[in-house]
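Asker: Protein chains in written order, with this note's numbering: chain A, 9 to 403; chain B, 113 to 292.
From the three backbone atoms N, C-alpha and C, an ideal C-beta is built for every residue, glycine too.
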Amino acid sequence: MKKVILQSAVATAISISMLTSATAQESSALDIGRLAIAGYGDVTYIEQSNMKDEEGNDVQNNVVARFVPIFLFQMSEKIHIEAELEFSTNAEGETETELEYANMHYFYNDNTIITAGKFLLPFGQFGANLHPSWINKAASNPGIYGGHGGNGALGGVTGIWNDTGINIANTWNLGDAGRVFTDFYTVSGPRQEEGDHGGGVEIESKKGDNNDSMAFGGRIAYAFLPEWEIGMSYYSGAYSDDGDLDYNAYNIDFNWVGSYASVRGEIFGSTAETEGEEEGEEEGHGEEWVKDFDKRGWYIQGTWQARQLGKAWLNPVEFVVRYSDIESDFDGSVDHDFEEDGGKTGSRVYYGVNYWLEPSAVLKLGAESTSIDNEAASHTTVPDDRIFLQLAFGF
Amino acid sequence: MKLIKIMFTFLALTLNTFSIQAQHVSDPELVAEGAKAYSENCARCHNARPAEEYSKKEWSVVIPHMRAKAHMTGKEALAVEAFLASTLTADVRNARDYENRTTTRSGAELVTQFGCQGCHQLKGEGGKLGPSLDNVVINRGETFILNKLMDPKFNNAASAMPKYPMSEEDIKAIIDFLRN
């Protein structure tokens with residue numbers, strides 16, 4: 009009996025599946041494609057007094073360019089493949105290449121998407137969705153983020169995270185405008201940077217894992233469309249080679265979008281267990297210690313479109329202001345190998361004006377000023393007031 | 113028994129997929145839903161992009177990518193695709209559709225068909241991505257509306273408003289509707 013029911017169920021499922029395909033072909037007025045190339049790019053001129061390159065030489069100005077194509081491939085209605093490559097020139101004019109992500113989406117049902125491969129972690133909004141230069145309204149990244157645009161003397165306290173693993177995303181409709189978004193993932197996880205004791209935490213996808221522990225994380229967000237979205241993210245994983253030191257982080261993000269203005273921001277915090285050893289008396293070993301090393305930061309960014317004034321010549325003009333603040337436990341009193349910039353605390357303010365050439369092409373002029381509160385925590389201090397001129401485009 | 117439960121779950125999910133496809137993509141109601149989803153989701157992160165930036169085939173590949181980015185449901189993604197397709201002709205310049213020169217569609221029908229209220233409010237209903245259409249003819253003038261419908265970027269290069277494949281009769285009908 010069971011066998012009959014099972015066979016009937018399988019037959020029915022197959023029949024319905026075939027019917028689904030047939031109906032899709034019959035009813036669709038769309039032209040179904042297989043491959044598309046999208047992406048973004050930018051060219052940025054940066055002027056900064058007393059700017060140094062990595063070898064300490066004076067640099068008067070800097071022009072960098074990026075080209076970031078996204079290759080999209082639709083294998084079927086259920087399976088979609090995507091990969092993003094970043095080609096860029098560094099300060100020395102060399103070409104750098106980076107695989108931002110490469111993954112497969114499986115559209116399990118109307119509400120659930122399973123993603124496998126290398127993907128941007130849904131940790132906050134900036135890293136997952138807002139960092140592309142034509143989407144990021146400013147010419148630089150918020151002060152809490154390192155990399156991807158550079159952060160000068162004020163090192164970031166986090167980064168745009170990608171890693172390899174699997175993510176399950178869900179969308180729940182709550183009425184006409186309410187949505188709950190959830191993401192839960194497991195990935196290879198953080199790893200220990202080079203260093204004997206308490207090496208810094210590196211969250212970057214690499215071949216293989218440095219320990220046998222996977223990292224877990226997720227984001228739960230509530231959106232009241234089209235204006236509001238508030239999300240909370242969490243990430244946890246062991247980062248040391250022996251797997252006994254943990255790294256935990258949280259992020260609270262919000263996004264408000266009005267007809268002419270927007271406000272977005274994030275609050276970030278992380279704790280990394282670090283281990284070390286007190287200095288011993290003459291050739292002896294001191295007492296070993298394990299301490300929590302905390303980093304915290306936040307940013308808020310506001311934009312306003314001058315088209316609200318009703319003057320045609322102001323329609324493409326947009327103003328941007330952003331404030332970032334970071335702090336950490338490190339005050340230079342503990343001798344460990346955490347990255348040099350990781351211990352700095354300070355704030356950064358950005359003012360900018362954008363001129364939109366197209367909905368996805370923008371010319372940005374921005375000025376950024378940084379105040380570092382604990383200069384003693386770093387070996388070198390570089391004045392970090394910068395002016396940007398950036399052309400950013402999405403395609 | 114456990115296997116049977118799994119199979120029935122699979123069956124339910126398959127039926128769910130079936131229901132998504134059951135609605136014809138040229139259904140005006142689906143197009144209107146797509147305009148609303150387009151307005152509500154794209155601008156959460158970036159400027160909404162005009163339909164003519166990609167071909168219909170390209171949109172069919174881009175939309176699944178954006179579905180994952182924006183956490184859209186499958187139904188919303190299909191509706192957005194239907195909306196974008198409804199605004200595109202086979203002409204890469206998306207020229208106006210003169211085949212419909214003798215249109216009998218009313219302004220109200222056209223406003224619904226093109227999903228205008230996905231982005232614009234009218235009599236208290238609709239999106240806020242674009243300005244309200246209440247009294248727009250009085251406030252901006254008939255010539256402005258005519259120019260805007262013929263070339264949405266004529267006054268703002270960054271406008272995300274699609275260039276609709278509509279005839280001059282369509283435009284006149286819409287202006288008459290908005291005037292009242």
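Does the structure place the region 318 to 326 of chain A close enough to the region 359 to 376 of chain A that three or more beta carbon pairs sit under 8 Å?
Answerer: Result yes; three or more Cβ-Cβ pairs closer than 8 Å.
Asker: Taking all protein chains shown into account, do 16 or more other C-beta atoms lie within 10 angstroms of the C-beta of A/G294, making it buried, or fewer, making it exposed?
Answerer: The residue in question, A/G294, is exposed, as its Cβ has fewer than 16 Cβ neighbours within 10 Å.
Asker: Under three-state DSSP, which class holds A/R272?
Answerer: A/R272 falls in the strand class under three-state DSSP.
Asker: A/R304 bridges to which residues according to DSSP?
Answerer: According to DSSP, which records beta bridges pairwise, A/R304 is partnered with A/G277, A/E335.
Asker: Rounded to a whole number of angstroms, what is the C-alpha to C-alpha distance between A/G157 and A/S148?
Answerer: Note that A/G157 has pLDDT 44, beneath the 50 cutoff, so the model's placement of it is unreliable and the number below is only indicative. The alpha-carbon atoms of A/G157 and A/S148 are separated by roughly 6 Å.
Asker: Which residues of chain A have a Cβ atom closer than 7 Å to the Cβ of B/N267, listed in chain order?
Answerer: A320, N323, listed in chain order.
Asker: Using a Cβ cut-off of 9 Å (strictly closer), state whether B/P176 contacts chain A.
Answerer: Closer than 9 Å: yes.
Asker: Going by DSSP in three states, A/Y116 sits in which element: helix, strand or coil?
Answerer: Coil at A/Y116, not helix or strand.
Asker: So, is the C-beta of B/R156 closer than 9 Å to a C-beta in chain A?
Answerer: Yes, B/R156 counts as interfacial toward chain A.
Asker: Identify whether B/K168 lies in helix, strand or coil by the three-state DSSP scheme.
Answerer: Residue state, collapsed to three classes: helix.
Asker: Check whether the Cβ of A/V265 lies closer than 9 Å to any Cβ atom in chain B.
Answerer: Yes, A/V265 counts as interfacial toward chain B.
Asker: Within 8 Å, do at least three Cβ pairs link the region 147 to 166 of chain B to the region 219 to 238 of chain B?
Answerer: The region 219 to 238 of chain B, when compared against the region 147 to 166 of chain B, does touch it at the 8 Å Cβ threshold.
Asker: Below 8 Å CB to CB, which residues in the same chain sit around B/A134 once its five sequence neighbours on both sides are set aside?
Answerer: Bear in mind that the predicted position of B/A134 carries a pLDDT of just 45, short of 50, making it too unreliable to give a figure here.
Asker: Using beta carbons (cut-off 9 Å, strictly below), is A/Y193 in contact with chain B?
Answerer: Not an interface residue.
Asker: With the cut-off set at 9 Å, would you say A/Y243 and A/F189 are in Cβ contact?
Answerer: Going by C-beta atoms, A/Y243 is not nearer than 9 Å to A/F189.
Asker: If A/G374 and A/A146 are in contact, beta carbons under 8 Å, what's the gap, nearest whole angstrom?
Answerer: About 6 Å separates the two Cβ atoms, so the contact holds.
Asker: With DSSP run on the structure shown, which of helix, strand or coil describes B/Y150?
Answerer: Three-state result, B/Y150: helix.
Asker: Quick check: the Cα distance between A/G208 and A/Q200, rounded to an integer number of angstroms?
Answerer: If you take the alpha carbons of A/G208 and A/Q200, they lie about 6 Å apart.
Asker: Is A/G41 near B/W171, with beta carbons less than 9 Å apart?
Answerer: Against a cut-off of 9 Å, the Cβ pair of B/W171 and A/G41 comes out as a contact.
Asker: What residue range is occupied by the uninterrupted alpha helix (DSSP H) comprising A/M222?
Answerer: From DSSP, A/M222 is part of no alpha helix (DSSP H); its letter is neither H nor E.
Asker: Leaving aside the five residues before and after B/I286 along the sequence, list all residues of the same chain whose C-beta is less than 7 Å from its C-beta, in chain order.
Answerer: So the list reads G219, L222, V223, L261, once near-sequence residues are dropped.
Asker: Are the C-beta atoms of B/L234 and some chain A residue less than 9 Å apart?
Answerer: Cβ-Cβ to chain A under 9 Å: no for B/L234.
Asker: Please confirm if A/E296 has its CB atom under 9 Å from at least one CB of chain B.
Answerer: A/E296 does not count as touching chain B.
Asker: With distances taken Cα to Cα, identify the nearest neighbour of A/N170 among A/E212, A/A400, A/M240, A/F232.
Answerer: That would be A/E212, whose Cα lies nearest to the Cα of A/N170.
Asker: Looking at B/P176 and B/A163, is the spacing between their C-beta atoms short of 9 Å?
Answerer: Cβ atoms of B/A163 and B/P176: not closer than 9 Å.
Asker: By how many angstroms is the C-alpha of A/L253 removed from the C-alpha of A/E417?
Answerer: Nothing can be reported for residue 417 of chain A: it is not among the residues displayed for chain A, which extend from 9 to 403.
Asker: Using 10 angstroms around the beta-carbon of B/N159, count the other beta-carbons present and answer buried if the total reaches 16, otherwise exposed.
Answerer: When all chains shown are included, B/N159 counts as buried.
Asker: What are the partner residues of A/D261, as DSSP defines its beta bridges?
Answerer: According to DSSP, A/D261 bridges with A/G239, A/E274.
Asker: For a contact defined as C-beta to C-beta under 7 Å, what are the partners of A/E201 on chain B?
Answerer: Per Cβ cutoff of 7 Å: no residues; A/E201 is ~30 Å from chain B at best.
Asker: In or out: B/N251 buried (at least 16 other Cβ within 10 Å) or exposed?
Answerer: Answer is exposed; the Cβ neighbour count stays below 16.
Asker: Considering B/S198, what are the terminal residues of the alpha helix (DSSP H) in which it resides?
Answerer: From DSSP, the alpha helix (DSSP H) with B/S198 extends over 186 to 198.
Asker: With 9 Å set as the bound, which would you pick, yes or no: does the beta-carbon of A/D118 sit closer than that to a beta-carbon of chain B?
Answerer: At least one chain B Cβ lies under 9 Å of A/D118.
Asker: Count the other CB atoms, across all protein chains shown, that sit within 10 Å of the CB of B/T216; report buried if there are 16 or more and exposed otherwise.
Answerer: B/T216 is exposed by the Cβ-count criterion.
Asker: Which residue comes first and which comes last in the alpha helix (DSSP H) that contains B/Q225?
Answerer: It spans 219 to 225 - the alpha helix (DSSP H) in which B/Q225 sits, taken as one unbroken run.
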